[in-house]
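Here is the structure we will look at, set down as structure tokens.
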Amino acid sequence: MAAPAVTAGQAQPQSPSTPTPAVAATSFAIYYYNLQGDPRRTPPNLNVRAKDGSCLLNHIPPDGLGPWISGTRAAWHKGLLEGAANAGVHVLLVHYVPDADSRAWTVPGLAAMVQALKDLKAIGKEYPLVSLYLDLASTGDAKLDVATEAGKGKLYGFARSFFSRVPAEFMARVALPGTPPADGGPVLFLGSCANLAGSAQGLGEYLRKRFQTEFGLPLIVAGTPDWRARGADFDAYIGLDPKQGLVRESGGKVTTATVSPGFNDDYRPGMGGAKPRDGGRTLISGWNELGKSPTDWVVVDSWDGYQDGTEVAPSRQFGEQDQSNTMAGLAALTARGEYAARLLAISVPPTMHPKSVAHTEIHVENAGTRPWIRGGTFLRYRWLQNGQPAGGEGRLALARDLQPRHSQTFALGVATITQNGDPLPEGDYQLQLEIDPAGDGPTLAIATVPVHLAQKLSPAAALVSSATPAFMRTGGSYNATITVRNDGSDVWARGLWSVSYQWMLNGTPVGKPDSARRTAILSDVEPGEVVTLDAGVDVKADGQPIAPWSANQNGDYGLQWVVLGPNGERLQAGSDPVLVCSADSGIHFPYPLELPSSLNADTTYLVKAVIRNLGPDTWGPQDLKIGYHWFYWDGLEITWDGTQTPIELPMGELKPGQETLVRIPVRSPPYAGPYVLALDASRGGVWQSTLEVSRGNDLCLGYTFVKGGPFLPAHLQNEFDVDGVSWDAARGDGNFDGQGRTFPAEILPPEVLAANTRFTSYPCGYLCAAEGTGLDSSRRVVFELPDKADGKPNFISCHGQKLALGVPKCSKLHILAAAIVDTDADFSLQFDDGTTLQQRISMTAWDSEPRFGGHVAFRAFHRHTPAGDEPVPCYLVHYELMADSRRVLETLALPDNPNVRIMAITAESW
Numbered sequence: 036m037a038a039p040a041v042t043a044g045q046a047q048p049q050s051p052s053t054p055t056p057a058v059a060a061t062s063f064a065i066y067y068y069n070l071q072g073d074p075r076r077t078p079p080n081l082n083v084r085a086k087d088g089s090c091l092l093n094h095i096p097p098d099g100l101g102p103w104i105s106g107t108r109a110a111w112h113k114g115l116l117e118g119a120a121n122a123g124v125h126v127l128l129v130h131y132v133p134d135a136d137s138r139a140w141t142v143p144g145l146a147a148m149v150q151a152l153k154d155l156k157a158i159g160k161e162y163p164l165v166s167l168y169l170d171l172a173s174t175g176d177a178k179l180d181v182a183t184e185a186g187k188g189k190l191y192g193f194a195r196s197f198f199s200r201v202p203a204e205f206m207a208r209v210a211l212p213g214t215p216p217a218d219g220g221p222v223l224f225l226g227s228c229a230n231l232a233g234s235a236q237g238l239g240e241y242l243r244k245r246f247q248t249e250f251g252l253p254l255i256v257a258g259t260p261d262w263r264a265r266g267a268d269f270d271a272y273i274g275l276d277p278k279q280g281l282v283r284e285s286g287g288k289v290t291t292a293t294v295s296p297g298f299n300d301d302y303r304p305g306m307g308g309a310k311p312r313d314g315g316r317t318l319i320s321g322w323n324e325l326g327k328s329p330t331d332w333v334v335v336d337s338w339d340g341y342q343d344g345t346e347v348a349p350s351r352q353f354g355e356q357d358q359s360n361t362m363a364g365l366a367a368l369t370a371r372g373e374y375a376a377r378l379l380a381i382s383v384p385p386t387m388h389p390k391s392v393a394h395t396e397i398h399v400e401n402a403g404t405r406p407w408i409r410g411g412t413f414l415r416y417r418w419l420q421n422g423q424p425a426g427g428e429g430r431l432a433l434a435r436d437l438q439p440r441h442s443q444t445f446a447l448g449v450a451t452i453t454q455n456g457d458p459l460p461e462g463d464y465q466l467q468l469e470i471d472p473a474g475d476g477p478t479l480a481i482a483t484v485p486v487h488l489a490q491k492l493s494p495a496a497a498l499v500s501s502a503t504p505a506f507m508r509t510g511g512s513y514n515a516t517i518t519v520r521n522d523g524s525d526v527w528a529r530g531l532w533s534v535s536y537q538w539m540l541n542g543t544p545v546g547k548p549d550s551a552r553r554t555a556i557l558s559d560v561e562p563g564e565v566v567t568l569d570a571g572v573d574v575k576a577d578g579q580p581i582a583p584w585s586a587n588q589n590g591d592y593g594l595q596w597v598v599l600g601p602n603g604e605r606l607q608a609g610s611d612p613v614l615v616c617s618a619d620s621g622i623h624f625p626y627p628l629e630l631p632s633s634l635n636a637d638t639t640y641l642v643k644a645v646i647r648n649l650g651p652d653t654w655g656p657q658d659l660k661i662g663y664h665w666f667y668w669d670g671l672e673i674t675w676d677g678t679q680t681p682i683e684l685p686m687g688e689l690k691p692g693q694e695t696l697v698r699i700p701v702r703s704p705p706y707a708g709p710y711v712l713a714l715d716a717s718r719g720g721v722w723q724s725t726l727e728v729s730r731g732n733d734l735c736l737g738y739t740f741v742k743g744g745p746f747l748p749a750h751l752q753n754e755f756d757v758d759g760v761s762w763d764a765a766r767g768d769g770n771f772d773g774q775g776r777t778f779p780a781e782i783l784p785p786e787v788l789a790a791n792t793r794f795t796s797y798p799c800g801y802l803c804a805a806e807g808t809g810l811d812s813s814r815r816v817v818f819e820l821p822d823k824a825d826g827k828p829n830f831i832s833c834h835g836q837k838l839a840l841g842v843p844k845c846s847k848l849h850i851l852a853a854a855i856v857d858t859d860a861d862f863s864l865q866f867d868d869g870t871t872l873q874q875r876i877s878m879t880a881w882d883s884e885p886r887f888g889g890h891v892a893f894r895a896f897h898r899h900t901p902a903g904d905e906p907v908p909c910y911l912v913h914y915e916l917m918a919d920s921r922r923v924l925e926t927l928a929l930p931d932n933p934n935v936r937i938m939a940i941t942a943e944s945w
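Okay, so the sequence shown: first residue is 36 according to the numbering used here, each after it adds one.
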């Protein structure tokens, strides 16, 4: 199993009630980034929105739909990655599609994920480490044969194309059972082999050898269970079948279990029916069952599978219930006892010089149940030779309190000396690393690493960490903060040594080796020591801009860091993957938009925000304007080209890394309802959020509810007499059609979780096909939706009753209704002058899209019965009644037809 030598656990919440396991598990989660909610990026609306404007996601992230849901935006990844780490996920199995047609999103999306990891590390936030889930459903070959050398080579090439784009510091180090934690490596999880040909005998060993040779790390090979029938020699097997909830697998060196909260097959055909969440009981049952017999690995399927409804990350439909249950389940399975430590990553020089202080970095998680206290918890090291104490010891105090399931990276100087301070003799040693959580022992073993000591070491350098941007604009000039270690035995004398770089394309140098900028090292760097410097980087070769990446280009750029010496030394330190793009706006809004939770309709407000320059260029006062976009609650545009305002620069310019406060006049939408405001920057007439990739947060979002305008929802709470809605946890609650069937409460608004504001009025057509666009969209009509709590009525059964709507003069009445069967509904509008207006509406049964007029206002792809889910779509339909704005409407007489059920009425007045 992938765990340190000592781990510990606890059983926290009552739900799930997982008992303490004998051995701590390593936690994984499937992670998807195949979403593109931006219609102006490539590929537009990928897996998010259909051509008719309807939503393709089964569940909606808390931030809602819109262009900000994008795998090519680092800001989108950032929230998901931090959330996964805080929930207790150690390793993400990142879903990756290898075929050439998918490169338009796989490559820039992976770069955006790497940028998000770098950002989280830079600000001291939690982040998971990375491994690969290789989806083999589409490989670009009619039938890739893995029994041939060519087939094996192509399969390895798929894995290589992923791992070569992930910096080594973010690759997971997973160790097999009985293997020292420091000897762990990333996981390659191969998806189903159904579309492949040939025997898989020896495939695992082939992949391990090639990876070890190229990356210098062991590779843990896993696959779906169907690989076993091909004779595969994999280390682990992972079952992905969310309709079972919990799937156990063995047969390799590792036992695994996959836990899923459920799924919905509306957009995942062939899975054999949906698996409902049952109010969280599906997931809780999985955790409880797993706790009775824990496995080495536990895989969450999935962290963010909003498309097929497998996500445990928060959603508007289910709130944080499944994230909380996952956090509780993982806390019980991945920890034991009061004090425990888990090694997540380690960087120790394999060779050291006697009587030096070698820089090491150890990323450790507090895997116990008690916090580690600043100044009272220590990282210790000791030297061993043949298992016996052989040298001096040292320790480093914790710089900040570390709560359970949180981690910290220790930068530890290891002195290669004896107890008396003399140089350790040359030879082979073991460096033992331990955590002393209470300051006075006993200690927790983290890792034991082999180290060779020698007086004369060849000149060498190692890249320890890098904040190099994952995106760079061709022809641009950047600063990259890097830390490099001297792994040789000679001092790097200040002023004589420098750091440079070489652009590489598919491992081949681009440009002459001596054409790149050099950054001088301004202090002596002793053997084993590190130097951190801001290195200048030009995205050029031989003075000319490098050709930017494109989806048609079968290649990857890398930045090879080089340490240059006074006698022609050229020491390769390590490399950074970089996506060279045609544009890098550098726009970053570092703080959330402070927008009031409610605004008045069609009113101008002054909105303030901070903008930071992350790009390579200095901005002048004429370079940039800030404007805005308004979106309906489901992310469709209501106003795209909001007024643009030039930014004020107190110093006359804004250099890279600087920020300034901007004030923007924003006019609110003219209609009532919930909306999303997005501030955006415009440069040269181009909205910067529409560029191909985003390093920073280039859309500053605000969520609000607009009051006023021509649409006034009626308050019908006292008129409801039918409970037609039920939750998964109580499907027997309610009876819409007289046969016990109901609408699913999880899918219909009001939603459980939404950003910034609470409301019960939702736009007509929410998440459905668009009727009209912009200000003319049907979404301009809002309906006040009723309570969905068990036992609460939420429909009016029509028996000819009269409603006093309490609305002013109106030109239309908008009716939100569903009919049990196809039927006609006769309405009568009665005015203050004694006249009436009779109107008939032909209604379609609730299990069919409207055939006689009206359009879909809300939909669900299944309905409830007391026995379970029925895979039958059901609809709430928007109908219109004409009124007369010259007269006051006193009452609305409903049809005398109990087959008609009304949920909401909104008056329109012009």
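Backbone N, C-alpha and C fix where the C-beta goes; we use that ideal spot for every residue, glycine too.
Roughly how many angstroms separate the alpha carbons of LEU169 and VAL222, rounded to a whole number? 10 Å
So within the segment 709 to 762, which uninterrupted beta strand (DSSP E) runs reach at least 3 residues, ignoring any that extend past its ends? 735 to 742 and 746 to 748
Going by DSSP in three states, LEU433 sits in which element: helix, strand or coil? coil
For LYS643, count the other beta carbons within 10 Å of its own beta carbon; 16 or more makes it buried, fewer makes it exposed. Which is it? Its Cβ having fewer than 16 others within 10 Å, LYS643 is exposed.
Delimiting residues of the alpha helix (DSSP H) encompassing HIS112: Following the DSSP letters along the chain, one finds HIS112 inside the alpha helix (DSSP H) bounded by residues 109 to 121.
What ranges does the beta strand (DSSP E) occupy inside the segment 770 to 838, keeping only unbroken runs of at least 3 residues that lie completely in it? 796 to 798 and 817 to 819
Just verifying my parser: in three-state terms, what is the DSSP assignment at ASN401? Of the three classes helix, strand and coil, the one that applies to ASN401 here is strand, per DSSP.
Please classify ASP357 as buried or exposed, where buried requires at least 16 neighbouring CB atoms within 10 angstroms. buried
Which residue spans inside the segment 111 to 187 form an unbroken alpha helix (DSSP H) run of at least 4? 138 to 157
C-alpha distance - GLY344 paired with PRO384, whole-angstrom precision: 45 Å
Compare the C-alpha of GLY737 against each of VAL701, ASP87 and ALA151 and name the closest. VAL701
May I ask you to report which of helix, strand or coil DSSP gives TYR374? coil
Just tell me which of GLY274, ASP270 and ARG520 has its CA closest to the CA of THR259. GLY274
Beta-carbon spacing of PRO216, ALA482 below 8 Å: yes
In three-state terms, what does DSSP make of GLN874? strand
Hey, out of SER227, MET362, THR941 and LEU171, whose CA is closest to ALA120's CA? MET362
Out of ARG312, GLY280, GLY237 and LEU225, state which residue places its alpha-carbon closest to the alpha-carbon of TYR272. For TYR272, the closest alpha carbon among the candidates ARG312, GLY280, GLY237 and LEU225 is that of LEU225.
Closer than 8 Å is the cut-off here; do at least three beta carbon pairs connect the segment 131 to 139 with the segment 694 to 713? no
What's the C-alpha gap between ALA749 and THR739? 21 Å
As assigned by DSSP and simplified to three states, the class of LYS310: strand
ARG953 versus ASP669: straight-line alpha-carbon distance, rounded: Residue 953 lies beyond the stretch modelled for the chain, which goes from 36 to 945, so this question has no answer here.
Do the segment 116 to 130 and the segment 80 to 90 meet, that is, are 3 or more Cβ pairs less than 8 Å apart? no
Within the segment 454 to 527, note down every full beta strand (DSSP E) run reaching 3 residues or more, in order along the chain. You should have 462 to 471, 479 to 488, 496 to 501, 506 to 508 and 512 to 521.
Three-state secondary structure (DSSP) of PHE887: coil
Is it a yes or a no for the segment 240 to 257 touching the segment 505 to 516, going by three-plus beta-carbon pairs under 8 Å? The segment 505 to 516 and the segment 240 to 257 do not touch, with fewer than three beta-carbon pairs separated by less than 8 Å.
Short check: CB of THR554 to CB of VAL534, under 8 Å? Less than 8 Å divides the Cβ of THR554 from the Cβ of VAL534.
Own chain residues within Cβ distance below 7 Å of ASN541, not counting five before or after: Cβ within range, chain order: GLY590 and ASP591.
Are the beta-carbon atoms belonging to GLY144 and GLY106 less than 8 Å from one another? In this structure, GLY106 lies closer than 8 Å to GLY144 by Cβ.
Contacting residues, own chain, Cβ-Cβ under 8 Å from GLN490 (five flanking each side not counted): HIS388, PRO389, GLU461 and SER524
Neighbour-count burial assignment, SER620, 16 or more Cβ in a 10 Å radius: buried
Whose CA, out of ALA450, ASP313, GLU204 and LEU599, lies closest to the CA of TRP762? ASP313
Between which residues of its own chain and VAL907 is the CB-CB distance below 7 Å, once the five residues before and five after are set aside? Excluding its 5 nearest sequence neighbours in each direction, VAL907 has C-beta neighbours in its own chain below 7 Å: ASP882, HIS897 and ARG898, listed in chain order.
Using the rule of at least 16 other Cβ atoms within 10 Å of the residue's Cβ for burial, across every protein chain shown, is TYR626 buried or exposed? exposed
How is TRP532 classed by DSSP in three states: helix, strand or coil? Here TRP532 sits in coil by DSSP.
Taking HIS487 as the reference, give the member of TRP418, LYS660 and GLY175 with the closest Cα. TRP418
According to DSSP, simplified to helix, strand and coil, what is ALA928? Of the three classes helix, strand and coil, the one that applies to ALA928 here is strand, per DSSP.
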